[in-house]
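Heads up: the protein sequence lines correspond to chains Y and U, in order. Using the numbering used here, the first residue of the first sequence is number -9, and each one after it goes up by one. Using the numbering used here, the first residue of the second sequence is number 8, and each one after it goes up by one.
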Amino acid sequence: GQQLNQSPQSMFIQEGEDVSMNCTSSSIFNTWLWYKQDPGEGPVLLIALYKAGELTSNGRLTAQFGITRKDSFLNISASIPSDVGIYFCAGPTNRGSNYKLTFGKGTLLTVNP
Amino acid sequence: NAGVTQTPKFRVLKTGQSMTLLCAQDMNHEYMYWYRQDPGMGLRLIHYSVGEGTTAKGEVPDGYNVSRLKKQNFLLGLESAAPSQTSVYFCASSEPRDRDSYEQYFGPGTRLTVT
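Shown next, in the form of structure tokens:
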């Protein structure tokens, strides 16, 4: 089945630093989603990307749909303590009407105040 | 709107016991999903439903059953719990409409421990 590889697996940064993480796929996607999961909570959708090359921002977060359609990137600028959590990328499992998603294993972000 | 809600939030079972996890959504979404999350494994799809009265197997369906008798509810059952089913379970829903049909909205999760 399809696999999404996220890197890095974890990051430890100081408050105020910028963060970059990425997600790669073995197959072409037409949609990329980025979710954040706070400790003890369910994942929350941050950004959705629908077109190759698309760059979309949500506050301090910016995500890009790679030109090859096999990768996506998420950047966080000027990190703050509440950015702590697990960041997941997700993409369609297959084309069809069931709209299933395949998730990466996540990037665990720790921000030191 | 409450979005997606899950009950219970925590549960401890003994091996062999059964239980049902309830998921409810008030967004009138057509599609609903059950996932499990284990450390280092991300989210894995157990079962899903594309409409009232329909269910289908996901990536890891063994040991679980589901039912979607009402559009707003999606139940996940464990007939005979095993320690390997210790996990955090998430329900999600989505609505098929144009390009944003893949956007799924998650509940807060149920933490299940099987001893």
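Cβ atoms here follow ideal geometry from the backbone N, Cα and C, with glycine treated the same way.
Per-residue DSSP class, three states only, for residue 32 of chain U:
As a working mapping, residue 32 of chain U is identified with position 25 in the second sequence. DSSP places residue 32 of chain U in strand when its eight states are reduced to three.
Would the stretch 1 to 17 of chain Y count as touching the stretch 79 to 92 of chain U if we require 3 or more Cβ pairs under 8 angstroms?
no
With distance defined between alpha-carbon atoms, name the residue in Y/17, Y/16 and Y/24 nearest to residue 97 of chain Y.
Here residue 97 of chain Y refers to the residue found at position 107 when the first sequence is read from its first residue. Answer by Cα proximity: Y/24.
Per DSSP, cross-strand counterpart(s) of residue 80 of chain U
Taking the first residue of the second sequence as position 1, residue 80 of chain U is located at position 73. DSSP, once it has assigned bridges, lists U/31 as partnering residue 80 of chain U.
Let me make sure I understand the geometry here. Which of U/112, U/119, U/118 and U/122 has the alpha-carbon closest to that of residue 11 of chain U?
Sequence index remark: in the second sequence, residue 11 of chain U carries index 4 (1-based). Among U/112, U/119, U/118 and U/122, the Cα nearest to that of residue 11 of chain U belongs to U/112.
Can you list, in chain order, the residues of the stretch 36 to 59 of chain U whose Cβ is nearer than 7 angstroms to any Cβ on chain Y?
38, 47, 48, 49, 50, 52, 55 and 57
Sequence-distant residues of the same chain with beta carbon closer than 8 angstroms to residue 63 of chain U, five excluded per side:
Position 56 of the second sequence, counting from 1, holds the residue named residue 63 of chain U. Excluding positions up to five away in sequence, the list reads 54, 55, 56 and 57.
With a threshold of 16 other CB atoms inside 10 Å of the CB of residue 27 of chain Y, please say whether the residue is buried or exposed.
On the first sequence, position 37 is the one that residue 27 of chain Y refers to. Residue 27 of chain Y comes out buried.
Please state if the CB of residue 36 of chain Y and the CB of residue 62 of chain Y are separated by a distance shorter than 8 angstroms.
Translated into positions along the first sequence, residue 62 of chain Y becomes position 72. Translated into positions along the first sequence, residue 36 of chain Y becomes position 46. No, the Cβ-Cβ distance between residue 62 of chain Y and residue 36 of chain Y is not below 8 angstroms.
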